[in-house]
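A.B. asks: Taken in order, the sequence shown gives residues 243 to 403; the numbers are from this note's numbering. A single structure is presented below for examination.
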Amino acid sequence: ARGDYETALSFLEQSLNISREIGDKAGEGTTLNNMAATAHARGDYETALSYLEQSLNIRREIGDKSGSIPTLHNMAGIALQNKDIEKFLEYETAAYKIAIEINEAMGIYNVGRDLGNVLCQLGKKDQGIEMLKRSLAIGKAAGFQDVGQIEKILQGLESGS
243 ARGDYETALS FLEQSLNISR EIGDKAGEGT TLNNMAATAH ARGDYETALS
293 YLEQSLNIRR EIGDKSGSIP TLHNMAGIAL QNKDIEKFLE YETAAYKIAI
343 EINEAMGIYN VGRDLGNVLC QLGKKDQGIE MLKRSLAIGK AAGFQDVGQI
393 EKILQGLESG S
């Protein structure tokens, strides 16, 4: 049933225990991310952040740079919801640097879109627009369906709104 977070969390905890028992660190990190999404969906941002921090530690431990990108991006999203701009910038900048380093299109696209948008709102328009344009180009090249979001943001910036 939709919204049955306790059942979802129960299954995820079973999955986490199995991953730990068999030493599957990558599976453990992914499960913690999924547990964070469940906690986030029910409005428990503190627990979500705790799961994400655990996931990030595991991903760093095993050298999973690609997996670190969405984890950091999700941590940034929680920071933004909590109006902690400093933490948002810290997490999102780290995610963006990794995405650029390993040339991960989805990471560059998603993180660049959100980070670029916030930078523009903070008055760092040149830097923000550059990120948004890079994200747009990557999104178009990769065939991502939601590139219109970035086009609208850029149009709004160009029209001065």
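Positions of the beta carbon are idealized from the N, C-alpha and C atoms, including for glycine.
Between which two residues does the alpha helix (DSSP H) holding F253 run?
C.D. replies: 247-264
A.B. asks: Taking only the alpha-carbon atoms, compute the straight-line gap between R355 and I327 and give it to the nearest angstrom.
C.D. replies: 16 Å
A.B. asks: Measure the alpha-carbon distance for E334 versus L357 and round it to whole angstroms.
C.D. replies: 6 Å
A.B. asks: Do you know offhand how far G269's Cα is from C362's?
C.D. replies: 37 Å
A.B. asks: At the level of alpha carbons, what is the spacing between N259 and S377?
C.D. replies: 37 Å
A.B. asks: Out of curiosity, what's the CA-to-CA distance linking G390 and L396?
C.D. replies: 10 Å
A.B. asks: Quick one: complete alpha helix (DSSP H) runs, 4+ long, within the segment 262-321?
C.D. replies: Secondary structure within the segment 262-321: the alpha helix (DSSP H) runs of 4 or more consecutive residues, fully enclosed, are 267-283, 287-303 (chain order).
A.B. asks: Which residue's Cα is closest to the Cα of G305: A384, I340, L331, D286?
C.D. replies: I340
A.B. asks: Taking L399 as the reference, which of E263, F386, G370 has the closest Cα?
C.D. replies: For L399, the closest of E263, F386, G370 by C-alpha to C-alpha distance is G370.
A.B. asks: Please list, in chain order, all residues of the same chain as E295 whose beta carbon is under 6 Å from its beta carbon, the five residues on each side excluded.
C.D. replies: none
A.B. asks: Apply the 10 Å Cβ neighbour rule to R262 and answer buried if 16 or more other Cβ atoms are within range, or exposed otherwise.
C.D. replies: Result: exposed.
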